[in-house]
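Numbered according to UniProt numbering, the sequence shown spans residues 1 to 417.
Worksheet: the structure to be examined is printed underneath.
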Amino acid sequence: MNFPAQMNIQMEVTCPICLDLLTMPLSLDCGHSFCQACITAKGQDSGVHQGGESNCPVCQCKYQFWNLRPNQPLANIVKKVKENMSPWQKKLCEHHGEKLLIFCKEDGKLICQHCAQSLEHSGHQIFFMEKVAKNYQEKLQAALKKLRKEQPKMEELEATIREEKASWKDMINVMKRSERWTLKKPNIVSKKLKSTFRIPDLSGMLQVFKELTEVQRYWVDVLLKPVNAISNIAISADKRQMTTVHNFSLKNVFMCDFSAFDVLGYQHFSSGKYYWEVDVSEKIAWILGVYSKARNLKRKESSGFVFDPNVNRPDVYSRYKPQFGYWVIGLQNESEYKVFEETSTSDPRILTLFIPVPPCRIGVFLDYEARVVSFFNVTNHGSLIYRFSNCQFSHAAYPYFNPWNCQRPITLCPPSS
1 MNFPAQMNIQ
11 MEVTCPICLD
21 LLTMPLSLDC
31 GHSFCQACIT
41 AKGQDSGVHQ
51 GGESNCPVCQ
61 CKYQFWNLRP
71 NQPLANIVKK
81 VKENMSPWQK
91 KLCEHHGEKL
101 LIFCKEDGKL
111 ICQHCAQSLE
121 HSGHQIFFME
131 KVAKNYQEKL
141 QAALKKLRKE
151 QPKMEELEAT
161 IREEKASWKD
171 MINVMKRSER
181 WTLKKPNIVS
191 KKLKSTFRIP
201 DLSGMLQVFK
211 ELTEVQRYWV
221 DVLLKPVNAI
231 SNIAISADKR
241 QMTTVHNFSL
251 KNVFMCDFSA
261 FDVLGYQHFS
271 SGKYYWEVDV
281 SEKIAWILGV
291 YSKARNLKRK
301 ESSGFVFDPN
311 VNRPDVYSRY
321 KPQFGYWVIG
331 LQNESEYKVF
341 EETSTSDPRI
351 LTLFIPVPPC
361 RIGVFLDYEA
371 RVVSFFNVTN
381 HGSLIYRFSN
391 CQFSHAAYPY
401 FNPWNCQRPI
411 TLCPPSS
């Protein structure tokens, strides 16, 4: 048998009173066992006579003195343990071979009677082991009694801590849920930005939505057709989607005829009110709006990207001016929304539009008699993007689209979709 296992067994067959191997072990109802002499002496010290009641020295459970039972199986185990014990384990003096029955306080160890009388321990305080064991047993019992007295308080404190922990956990969950519905403190912005964009009040939002709902009453089902035979546009079978089939480099902008990207609606309008919506959610560049052939147009047909302010050649970007029959807005460089300023001069400025919510879907409204073209950000509850007024329509007006050189599709939305 290995040493740890032997030590565990030895601890199981050790008397809790004398701390030696059990001699004629007696067992109590609680399961603890003691030497017959030790438990009898303990009962006598407590003033209990045979037939009386006492407490277990270990767990304090009550037992009847007459109910002490000899434990022969345990005695047999003790016998086996003793047979396998070395002299050291039998608590024999390594110098004299006698039992260690005396405790030396100065050296803190057990010694035999011969060692106690030797010069090595001369003048030391020595005590018989039974007295020392009894003293420590009393201290242990006092500590155990104190712990038992404090146990209810500790259990109550433990229950309180569990309740507090559960309460805090619930509070944290409530705070997390509340945070989702609580507006973050707004960042401080400059007066210039505040003047550019103000969060509308509820009545303003309702007014914007009301205007969008009003123009949507005139929704028409616009279908597509390319402008010329050499168009670089692929149109879907249902004539609702257009895609650029060639990707022109912006470095060659002056060499490309961007009229090859022009797409008009099949319908043309000479009176009345009309509305259509365009899905541009996948695009990083586009132009769309209304086109009407200009009267007495005397200019060289031009090409190029209309909204590039770095280009100085008028024939490159002038094509989409209102006086040439284009009332359009456009997107370039993924996030720059541009429009020509509506003016009577021949050289209108290019305006950069501030759109707080990038539009994935744009509504276009044409009022032919009122000479108005309006653009709405359907993505942002129908907020107005830009409005041309006093448009000079000299011929029929067409829905106009240009997917530019971005090869993602532009899609026309069916009415009320």
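Glycine included, every Cβ here is placed at the ideal spot set by N, Cα and C.
Quiz item: Does the distance from the CB of H32 to the CB of V13 come in under 8 Å?
Solution: Counting from 1 along the sequence shown, the entry for residue 32 is found at position 32. Counting from 1 along the sequence shown, the entry for residue 13 is found at position 13. Not a contact, by the Cβ cut-off of 8 Å.
Quiz item: So what's K109 in DSSP terms, helix, strand or just coil?
Solution: Here the question's residue 109 lines up with position 109 in the sequence shown. Strand, per DSSP.
Quiz prompt | Between the CA atoms of Y400 and I362 - distance to the nearest angstrom | solution = Taking the sequence shown and counting its residues from 1, one reaches residue 362 at position 362. Taking the sequence shown and counting its residues from 1, one reaches residue 400 at position 400. About 13 Å.
Quiz item: For N380, which of S417, A370, L264 and P356 has the nearest alpha-carbon?
Solution: One-based indexing of the sequence shown puts residue 380 at position 380. Checked all of S417, A370, L264 and P356; the closest Cα to N380 is P356.
Exercise. Flag this pair as yes or no: are the beta carbons of I385 and V278 separated by less than 8 Å?
Key: If you number the sequence shown from 1, residue 385 lands on position 385. If you number the sequence shown from 1, residue 278 lands on position 278. For I385 and V278, no; Cβs fall outside 8 Å.
Self-check item: At least three beta-carbon pairs within less than 8 Å, the segment 61–71 to the segment 90–99
Solution: no
Quiz item: Since C104 sits in a beta bridge, which residues does DSSP pair it with?
Solution: Here residue 104 refers to the residue found at position 104 when the sequence shown is read from its first residue. C104 is bridged to K109 and I126.
Quiz item: Exposed or buried, which one is R69 when buried takes at least 16 other CB atoms within 10 Å?
Solution: As a first step, residue 69 must be located in the sequence shown, where it is residue number 69. Its Cβ having fewer than 16 others within 10 Å, R69 is exposed.
Quiz item: Ends of the beta strand (DSSP E) at L22?
Solution: Translated into the one-based positions of the sequence shown, residue 22 becomes position 22. Segment: none, L22 is in no beta strand (DSSP E) and carries neither H nor E.
Self-check item: Per-residue burial, V245 [other beta carbons within 10 Å of its own, 16 or more giving buried]
Solution: If you number the sequence shown from 1, residue 245 lands on position 245. Exposed.
Practice problem: Classify R69 as helix, strand or coil using the three-state DSSP reduction. | Solution: Locating residue 69 in the sequence shown gives position 69, where the first residue counts as 1. Residue state, collapsed to three classes: strand.
Quiz item: Taking Cβ positions only, does K225 come closer than 8 Å to chain B?
Solution: Of the protein chains in this structure there is only one, and it is not chain B.
Quiz prompt | Cα-Cα separation between C406 and G289, rounded to whole angstroms | solution = The residue given as residue 406 occupies position 406 in the sequence shown. The residue given as residue 289 occupies position 289 in the sequence shown. Near 18 Å, if we compare the C-alpha coordinates of G289 and C406.
Quiz item: G325 to C391, Cα distance in whole Å?
Solution: Counting from 1 along the sequence shown, the entry for residue 325 is found at position 325. Counting from 1 along the sequence shown, the entry for residue 391 is found at position 391. Computed Cα separation, rounded: 9 Å.
Quiz prompt | Helix, strand or coil at K139 according to DSSP, with G and I counted as helix | solution = Residue mapping note: residue 139 aligns to position 139 of the sequence shown, counting from 1. Looking at K139 - three-state DSSP - the assignment turns out to be helix.
Exercise. Given a cut-off of 8 Å, decide if L22 and C15 are closer than it, judged by their beta-carbon atoms.
Key: Indexing the sequence shown from 1 puts residue 15 at position 15. Indexing the sequence shown from 1 puts residue 22 at position 22. It is a contact, given that the beta carbons lie within the stated cut-off.
Self-check item: C-alpha distance - A321 paired with N402, whole-angstrom precision
Solution: Position 321 of the sequence shown, counted from the start, is the residue given in the question as residue 321. Position 402 of the sequence shown, counted from the start, is the residue given in the question as residue 402. Before going further, note that residue 321 is Lys rather than Ala in the sequence given. If I take the Cα positions, the gap works out to 15 Å.
Self-check item: Endpoints, the beta strand (DSSP E) within which A234 is located
Solution: Working through the sequence shown from its first residue, we reach residue 234 at position 234. Taken as a continuous stretch (DSSP letters only), the beta strand (DSSP E) holding A234 covers I233 to I235.
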